[in-house]
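Start counting at 1 in the sequence shown, then tack on 6, and there's your number in this note's numbering. Every residue, glycine too, gets a C-beta built ideally from N, C-alpha and C.
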Amino acid sequence: MTQPPSAPTSEEPVAETPTAPTNNAPPPSYVKLAMRNMVRKRATSLFHFALTAAGLLGVLVGLAFVDRYFNS
Numbered sequence: 007m008t009q010p011p012s013a014p015t016s017e018e019p020v021a022e023t024p025t026a027p028t029n030n031a032p033p034p035s036y037v038k039l040a041m042r043n044m045v046r047k048r049a050t051s052l053f054h055f056a057l058t059a060a061g062l063l064g065v066l067v068g069l070a071f072v073d074r075y076f077n078s
């Protein structure tokens with residue numbers, strides 16, 4: 007008798023493909039990823055921080071000037 011072509015020809019058991027190991031740790035939070043990115047790209051982060059601080063200071067000084075100009 008002949009075996010059907012789909013059956014394995016050897017008597018050894020067929021090894022299953024290993025599954026990915028289960029990781030019980032939760033994925034890192036958004037804050038942790040942002041902090042890690044800030045440390046890696048230090049110059050860009052400092053530039054953006056300085057730009058934001060200068061913009062906020064400019065808006066506050068501008069509002070104070072407009073308030074003083076129209077309320078005097």
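List the endpoints of the continuous alpha helix (DSSP H) containing residue i.
i: ASN29; result: Per DSSP, ASN29 belongs to no alpha helix (DSSP H) and is neither H nor E.
i: ASN43; result: 36-46
So which of the options has the shortest CA-CA distance to residue i?
i: ALA40; options: THR58, SER51, PRO32, ALA31; result: SER51
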